[in-house]
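Engineer:
Protein chains in written order, with this note's numbering: chain A, 307 to 557; chain B, 2 to 234.
Below, the structure is given as structure tokens:
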């Protein structure tokens with residue numbers, strides 16, 4: 307479904323991503339863990355070209371794009387195949403909850419306004435926020451905002467969902483409702499790539515966990531392997547530290 | 002020295018009669034300037050050095066020289082150089098000149114407001130598959146509007162007041178009429194007193210409109226539900 311080959315990203319002299327290769331199968335849930343500043347978010351943002359990679363190719367659902375020669379049109383096409391959930395939810399502040407979900411549908415996905423609203427209503431039912439349909443984002447709690455952000459992403463039926471630290475900006479008491487919703491999606495076999503610092507969550511929800519450090523993928527494998535028997539010393543150190551900080555891993 | 006209140010009352014209607022001309026110039030120029038400003042703001046994002054240099058020159062020119070000089074330059078100067086401009090009426094020249102002048106100020110007001118909208122709003126829009134133009138239209142401009150209103154209205158008030166220089170091109174507006182009446186009756190104080198009252202009330206009215214608009218654009222004061230139907234319509 308998603309295939310990344312030889313991806314490099316440089317910001318001026320700073321080499322953020324080194325030759326990243328990554329494939330995600332249809333229905334697979336992949337978590338990316340690693341220290342801050344190792345390019346996890348940049349990797350996600352290269353997938354939908356919010357950051358234009360320096361070199362390499364991105365393939366989603368049969369569409370391959372490389373930064374050296376791609377048209378604006380192709381970038382739009384690529385973006386239509388993915389949806390992103392941001393750390394700070396990034397809901398459209400001037401739109402109501404319902405409009406936040408409906409807007410992309412009728413502007414970019416060919417829905418009529420009526421059909422878009424109808425679909426947005428059904429998404430709101432699903433994420434349990436139907437009663438907030440006419441509220442503006444500022445009036446919601448952080449957890450609710452993020453659920454709307456996820457709803458907005460689900461609505462466009464993306465081939466792959468990109469979660470950029472979806473719970474990092476949340477009050478600890480609000481994290482669970484968001485993780486719960488992501489778990490529901492995982493059970494429905496949505497293809498997801500999740501950058502997260504929630505180790506327990508990564509372990510429970512993922513089919514595969516990737517450990518990134520200094521802009522490269524250090525180790526990749528099933529959650530048990532990464533968390534219990536990591537082969538790479540860097541992974542070992544990171545997992546141990548994270549577990550120590552976040553309390554024991556729940557099995 | 003005596004203040005002839007009766008004369009003021011008598012002369013008031015004959016000056017007020019020309020208020021529509023002043024309003025016409027102001028609103029026509031205001032509208033054109035607004036459209037031009039939006040174009041300028043959009044063009045500002047085009048990565049072309051030549052285009053940016055042209056735009057910079059445009060903005061510098063209209064903000065760096067007095068509006069009266071610009072109007073004379075347009076009406077008398079260009080007509081000498083290009084015969085097409087000979088048929089330009091004073092009214093049209095005033096509207097064109099004031100539009101161009103105001104657009105240089107308004108575009109900067111809009112640009113500042115657009116920059117105040119967080120970059121992440123744009124990114125979220127793009128990630129949702131919207132084109133750059135759609136992001137501007139549905140997300141950035143509506144949010145920038147709230148920030149831009151106070152400065153844009155100030156720009157418009159400035160424009161409204163500078164319509165009073167249109168008389169130098171022979172346009173008969175409030176100012177021209179005041180000047181004429183004053184000249185014929187030698188009651189300058191009374192005549193200009195009337196003109197000042199008219200311009201002052203006009204500015205106050207625009208200011209009230211600004212307050213209303215600011216309230217309307219602020220989502221945090223909107224009623225839930227009501228806003229949903231209006232913004233989708």
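We treat Cβ as the ideally placed atom computed from N, Cα and C, and that holds for glycine.
For residue 510/A and residue 360/A, I'd like the C-alpha separation in whole angstroms.
Structural biologist: 34 Å
Engineer: Rounded to whole angstroms, what's the CA-CA distance from residue 10/B to residue 3/B? Just pull it up for me.
Structural biologist: C-alpha separation (whole angstroms): 15 Å.
Engineer: By the three-class DSSP mapping on this structure, what secondary structure does residue 338/A have?
Structural biologist: In this structure, residue 338/A counts as strand in the three-state DSSP scheme.
Engineer: Should the segment 352-371 of chain A be called in touch with the segment 459-478 of chain A, which here means at least 3 C-beta pairs below 8 Å?
Structural biologist: Contact between the segment 352-371 of chain A and the segment 459-478 of chain A is present, with at least three C-beta pairs closer than 8 Å.
Engineer: Taking only three categories from DSSP, how would you classify residue 1/B?
Structural biologist: Lying outside 2 to 234, the shown extent of chain B, residue 1/B is not represented and no answer is given.
Engineer: Just how far apart, CA to CA, sit residue 424/A and residue 548/A?
Structural biologist: So the two alpha carbons sit approximately 43 Å from each other.
Engineer: Can you list the alpha helix (DSSP H) stretches of 4 or more residues lying completely in the segment 67-126 of chain B, in chain order?
Structural biologist: 68-73, 79-82 and 91-117
Engineer: DSSP three-state call for residue 47/B: helix, strand or coil?
Structural biologist: If DSSP states are grouped into helix, strand and coil, residue 47/B belongs with coil.
Engineer: Under 7 Å Cβ to Cβ from residue 537/A, same chain only, skipping five residues before and after it: list those, please.
Structural biologist: 525
Engineer: Under a three-way DSSP split, which group does residue 149/B fall into?
Structural biologist: helix
Engineer: Would residue 60/B and residue 105/B qualify as a contact pair, given that the criterion is a beta-carbon distance under 7 Å?
Structural biologist: yes
Engineer: So, using beta-carbon positions, are residue 339/A and residue 517/A closer together than 7 Å?
Structural biologist: It is a contact, given that the beta carbons lie within the stated cut-off.
Engineer: Under DSSP, the alpha helix (DSSP H) around residue 362/A begins and ends at which residues?
Structural biologist: Element bounds for residue 362/A: not the alpha helix (DSSP H) but the beta strand (DSSP E), 361-366.
Engineer: Straight-line CA distance for residue 123/B to residue 535/A?
Structural biologist: Roughly 42 Å between the two C-alpha positions.
Engineer: Could you check whether the segment 134-154 of chain B touches the segment 202-212 of chain B, counting it as contact only if at least three pairs of C-beta atoms, one from each stretch, sit closer than 8 Å?
Structural biologist: yes
Engineer: Just the Cα atoms here: how many angstroms apart are residue 411/A and residue 216/B?
Structural biologist: 29 Å
Engineer: Distance check for residue 66/B and residue 32/B, CA to CA, integer angstroms please.
Structural biologist: 22 Å
Engineer: Is the beta carbon of residue 443/A sitting closer than 7 Å to the one on residue 397/A?
Structural biologist: In this structure, residue 397/A lies closer than 7 Å to residue 443/A by Cβ.
Engineer: Check this for me: beta carbons of residue 26/B and residue 103/B, under 7 Å apart or not?
Structural biologist: no
Engineer: Relative to the C-alpha of residue 68/B, which candidate in 52/B, 167/B and 49/B has its C-alpha closest?
Structural biologist: Selected option, being the one with the closest Cα: 167/B.
Engineer: From the DSSP secondary-structure annotation, give me the bridge partner or partners of residue 383/A.
Structural biologist: For residue 383/A, which the question treats as bridged, DSSP gives no partner whatsoever.
Engineer: Pop quiz: residue 195/B and residue 55/B are said to be a contact at Cβ under 8 Å. What is the actual Cβ separation, rounded to whole angstroms?
Structural biologist: Contact doesn't hold; Cβ gap of about 43 Å is too wide.
Engineer: What residue range does the alpha helix (DSSP H) around residue 421/A cover?
Structural biologist: Where residue 421/A is concerned, the enclosing alpha helix (DSSP H) stretches over 419-432.
Engineer: Residue 316/A by DSSP, collapsed to three states: which one?
Structural biologist: Note: residue 316/A maps to strand in three-state DSSP.
Engineer: In chain B, what lies closer than 9 Å to residue 503/A by C-beta?
Structural biologist: In chain order: nothing, as chain B lies at least about 20 Å away.
Engineer: Please list the partners that residue 399/A has in chain B, where partner means a Cβ-to-Cβ separation under 8 Å.
Structural biologist: 122, 144 and 220
Engineer: Strictly by DSSP, which residues pair up with residue 311/A?
Structural biologist: 363/A
Engineer: Measure how close the beta-carbons of residue 477/A and residue 392/A come, nearest whole angstrom, since I'm counting them as under 8 Å.
Structural biologist: Contact doesn't hold; Cβ gap of about 17 Å is too wide.
Engineer: What would DSSP say about residue 11/B, mapped onto helix, strand or coil?
Structural biologist: helix
Engineer: Which term fits residue 83/B, buried or exposed, when burial requires 16 or more other beta carbons within 10 angstroms of its beta carbon?
Structural biologist: exposed
Engineer: Grab the span of the beta strand (DSSP E) containing residue 468/A for me, first residue to last.
Structural biologist: 466-470
Engineer: Kindly indicate which residue of 42/B, 174/B, 145/B and 71/B has the alpha-carbon position closest to the one of residue 109/B.
Structural biologist: 42/B
Engineer: Which residues in chain A have a C-beta closer than 8 Å to the C-beta of residue 135/B? List them in chain order.
Structural biologist: 413 and 414
Engineer: DSSP puts residue 514/A in a beta bridge; with which residues?
Structural biologist: DSSP, once it has assigned bridges, lists 336/A as partnering residue 514/A.
Engineer: Below 8 Å CB to CB, which residues in the same chain sit around residue 385/A once its five sequence neighbours on both sides are set aside?
Structural biologist: 354 and 355
Engineer: Determine which residues of the segment 411-442 of chain A have a Cβ less than 8 Å from any Cβ of chain B, and write them out in chain order.
Structural biologist: Taking 8 Å as the upper bound on Cβ-Cβ separation, chain B lies near residues 413, 414, 415, 419, 423, 439, 440, 441 and 442 of the segment 411-442 of chain A.
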